[in-house]
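Student: One point on numbering: in the working numbering, the residue at position 126 of the sequence shown is 1350, and numbering is uninterrupted.
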Amino acid sequence: MSVETQEEKPEIMEPLHRVGITNLRTVARINWKGRVYTFLPLFEVTIDVPAEKKGIHMSRLVESITEAMSEAVEEEVMGAHRSLEELGRAVIRRLEGKHPHRHAEVWIRTHLIVPRETPASGKVSYEPYDVEVGVIKNGDGSFEKVLHVKVTGNTVCPHAMANNDGKTHIQRAVGELEVRTAFDEEIALEDMIDVVEGSFSHPTYTLLKTVDENAVVQGMFANPKFVEDVAREILAKAKERFNGRIHVRVISNESIHKHDVIAETWS
1225 MSVETQEEKP EIMEPLHRVG ITNLRTVARI NWKGRVYTFL PLFEVTIDVP
1275 AEKKGIHMSR LVESITEAMS EAVEEEVMGA HRSLEELGRA VIRRLEGKHP
1325 HRHAEVWIRT HLIVPRETPA SGKVSYEPYD VEVGVIKNGD GSFEKVLHVK
1375 VTGNTVCPHA MANNDGKTHI QRAVGELEVR TAFDEEIALE DMIDVVEGSF
1425 SHPTYTLLKT VDENAVVQGM FANPKFVEDV AREILAKAKE RFNGRIHVRV
1475 ISNESIHKHD VIAETWS
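#1: Going by other Cβ atoms of all chains shown within 10 Å of its Cβ, with 16 needed for buried, is Asp1436 buried or exposed?
#2: Find the nearest neighbour of Glu1329 within the set Pro1343, Tyr1261 and Phe1267, judged by alpha-carbon distance.
#3: Report yes if the C-beta distance between Lys1277 and Glu1231 is below 8 Å; otherwise report no.
#4: In whole angstroms, what separates the C-alpha of Arg1473 from that of Glu1228?
#5: Comparing alpha-carbon positions, which option in Asp1272, Thr1430, Leu1401 and Ile1254 lies nearest Gly1468?
#6: Within the same chain, show all residues whose beta-carbon is closer than 6 Å to that of Val1359, passing over the 5 residues directly before and after it, in chain order.
#7: Ile1417 to Met1282, Cα distance in whole Å?
#8: Can the beta-carbon of Ala1386 be found less than 8 Å from the beta-carbon of His1393?
#9: Throw me the rounded Cβ distance for the Val1286 and Ile1280 pair, which I believe falls under 8 Å.
#10: Pick helix, strand or coil for Asp1354, following the three-state DSSP scheme.
#11: Counting only the same chain and skipping the five closest in sequence on each side, list residues whose C-beta sits under 6 Å from that of Lys1433.
#12: Less than 8 Å between C-beta atoms, sequence neighbours within five positions excluded: which residues of the same chain meet that for Pro1339?
#13: In this structure, does DSSP put Ser1294 in helix, strand or coil?
#14: Inspect the CB distances between the segment 1403 to 1417 and the segment 1439 to 1455 and report whether three or more fall short of 8 Å.
#15: Can you tell which of Pro1343, Ile1316, Thr1376 and Lys1322 has its C-alpha closest to the C-alpha of Ile1332?
#16: How close, in whole Å, do the beta carbons of His1327 and Gly1363 come, if the pair is a contact with beta carbons under 8 Å?
#17: Does the beta-carbon of Met1237 have 16 or more other beta-carbons within 10 angstroms, so that it is buried, or is it exposed?
#18: How is the alpha helix (DSSP H) around Ala1397 delimited, first residue to last?
#19: With 16 other CB atoms within 10 Å as the buried threshold, where does Ser1294 fall?
#20: Buried or exposed: Pro1448, going by 16 or more other Cβ atoms within 10 Å of its Cβ?
#21: Would you list the one or two residues that DSSP bridges to Ile1458?
#22: Can you list, in chain order, the residues of its chain with a C-beta nearer than 7 Å to that of Val1420? Leave out the 5 residues immediately preceding and following it.
#23: Leaving out five residues on either side along the sequence, give the residues of the same chain with a beta carbon under 7 Å from the beta carbon of Gln1395.
#24: Can you check the segment 1264 to 1351 for any alpha helix (DSSP H) of at least 4 residues that lies completely inside it and give the ranges in chain order?
#25: Could you please give me the residues that DSSP links to Ala1446 through a beta bridge?
#26: Could you tell me the boundaries of the alpha helix (DSSP H) in which Leu1413 lies?
#27: Under a three-way DSSP split, which group does Thr1376 fall into?
Right, here's the structure in full:
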């Protein structure tokens, strides 16, 4: 008979807010609006630990993920999990029957590949975006979610352009948008990506033919922006489209400086 050391009292009687597993890689299949997506996400699953418990049963957290995955595979994703956040909640529901807790969180980090059309040649370019979905079970049993996207674009400096006969410096920029909202609020990660990508001087592309390069450069120079402009535009568009607490962060990887610049804001 095994000894459940996790149930013993710790030497220091302090509650812990988040204890669990992180950086667990697995496979996930999602049926989003009739289209099947396959991901290889990283999971982080945590629960709270009361002061009188020494630790948690880590294997039960892994079991909850595995069983939620198996559920989707066995049902061939037809009606199983229609979004990453539903998958996250399914993991917590599994965990409810395995391990006592009041607060639980599931965070899923992965890449979302979205097809785009190049601006001049019209070719398809598959663009990768970093996304993260968090599902939070509060102490009262209610659920909320956090959606986060990270998008690469570019900026053209309007100050140098205004003072240098139209010549200026350009740089790659990274915009991040996070929305924390009620679990039942339907927000598509693709829509969040569109908000960020459409706020740069111009989008970037994996595939560009010569005519596309010309179109991108011309589009960039026709739309010069500070990093501050990008952050404000993301926030304004997000407030129009999404309900919840909004957080925006933009970093411009400066081409003429040895440092980068940042703009950050929230609602």
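By construction, the Cβ of each residue, glycine as well, lies at the ideal position given by its N, Cα and C atoms.
Tutor: In this structure, then:
#1: Here residue 1436 corresponds to residue number 212 of the sequence shown, with the count starting at 1. By the neighbour-count rule (16 or more Cβ atoms within 10 Å), Asp1436 is buried.
#2: Position 105 of the sequence shown, counted from the first residue, corresponds to residue 1329. Restricting attention to Pro1343, Tyr1261 and Phe1267, the CA atom closest to the CA of Glu1329 is found in Phe1267.
#3: The residue labelled residue 1277 in the question sits at position 53 within the sequence shown. The residue labelled residue 1231 in the question sits at position 7 within the sequence shown. In contact: Lys1277 and Glu1231 (Cβ atoms closer than 8 Å).
#4: Residue numbering aside, residue 1473 sits at position 249 when the sequence shown is read from its first letter. Residue numbering aside, residue 1228 sits at position 4 when the sequence shown is read from its first letter. Answer to the nearest angstrom: the Cα atoms are 45 Å apart.
#5: The residue given as residue 1468 occupies position 244 in the sequence shown. Ranking Asp1272, Thr1430, Leu1401 and Ile1254 by Cα distance to Gly1468 puts Leu1401 first.
#6: To locate residue 1359, count along the sequence shown from 1; it is residue 135. Cβ neighbours of Val1359 beyond the five flanking positions: Glu1309, Gly1312, Arg1313, Val1330 and Lys1369.
#7: On the sequence shown, position 193 is the one that residue 1417 refers to. On the sequence shown, position 58 is the one that residue 1282 refers to. Between Ile1417 and Met1282, the C-alpha separation is close to 34 Å.
#8: Translated into the one-based positions of the sequence shown, residue 1386 becomes position 162. Translated into the one-based positions of the sequence shown, residue 1393 becomes position 169. Not closer than 8 Å, so no.
#9: Here residue 1286 refers to the residue found at position 62 of the sequence shown. Here residue 1280 refers to the residue found at position 56 of the sequence shown. The distance from the Cβ of Val1286 to that of Ile1280 is about 12 Å, inconsistent with a contact at the 8 Å cut-off.
#10: As a working note, residue 1354 is residue 130 in the sequence shown. Residue state for Asp1354 is assigned as strand, using DSSP reduced to three classes.
#11: For the purposes of this step, residue 1433 is identified with residue 209 of the sequence shown, where counting begins at 1. Excluding its 5 nearest sequence neighbours in each direction, Lys1433 has C-beta neighbours in its own chain below 6 Å: Ser1345, listed in chain order.
#12: Here residue 1339 refers to the residue found at position 115 when the sequence shown is read from its first residue. Correct list, in chain order: Val1348, Ser1349, Tyr1350 and Glu1351.
#13: Mapped onto the sequence shown, residue 1294 falls at position 70. In this structure, Ser1294 counts as helix in the three-state DSSP scheme.
#14: The segment 1403 to 1417, when compared against the segment 1439 to 1455, does not touch it at the 8 Å Cβ threshold.
#15: Indexing the sequence shown from 1 puts residue 1332 at position 108. Taking only the C-alpha atoms, the option nearest Ile1332 is Ile1316.
#16: Here residue 1327 refers to the residue found at position 103 when the sequence shown is read from its first residue. Here residue 1363 refers to the residue found at position 139 when the sequence shown is read from its first residue. Confirmed, about 6 Å.
#17: On the sequence shown, residue 1237 is found 13 positions in, with the first residue counted as 1. With fewer than 16 other Cβ atoms from the protein chains shown falling within 10 Å of its own Cβ, Met1237 counts as exposed.
#18: The residue given as residue 1397 occupies position 173 in the sequence shown. No alpha helix (DSSP H) holds Ala1397; the beta strand (DSSP E) holding it covers Ile1394 to Ala1406.
#19: Here residue 1294 refers to the residue found at position 70 when the sequence shown is read from its first residue. Exposed: under 16 other Cβ atoms inside 10 Å.
#20: Walking along the sequence shown from the start, residue 1448 turns up at place 224. Around the Cβ of Pro1448, a 10 Å sphere holds 16 or more other Cβ atoms; the residue is buried.
#21: Your numbering for residue 1458 matches position 234 in the sequence shown. Answer is none; Ile1458 lacks a bridge partner.
#22: As a first step, residue 1420 is located in the sequence shown; it is residue number 196 there, counting from the start. Hits under 7 Å: Val1373, Val1375, Gly1399, Leu1401 and Ile1458.
#23: As a first step, residue 1395 is located in the sequence shown; it is residue number 171 there, counting from the start. Closer than 7 Å at the Cβ level, and outside the excluded window around Gln1395, lie Asn1378, Thr1379, Ser1476, Asn1477, Glu1478 and Ser1479.
#24: Taken in chain order, the complete alpha helix (DSSP H) segments of 4 or more residues contained in the segment 1264 to 1351 are 1282 to 1298 and 1308 to 1320.
#25: On the sequence shown, position 222 is the one that residue 1446 refers to. Paired residues: none, contrary to the question.
#26: Numbered from 1 along the sequence shown, position 189 holds the residue referred to as residue 1413. Leu1413 -> alpha helix (DSSP H) spans Leu1413 to Glu1421.
#27: Within the sequence shown, the letter at position 152 stands for residue 1376. Of the three classes helix, strand and coil, the one that applies to Thr1376 here is strand, per DSSP.
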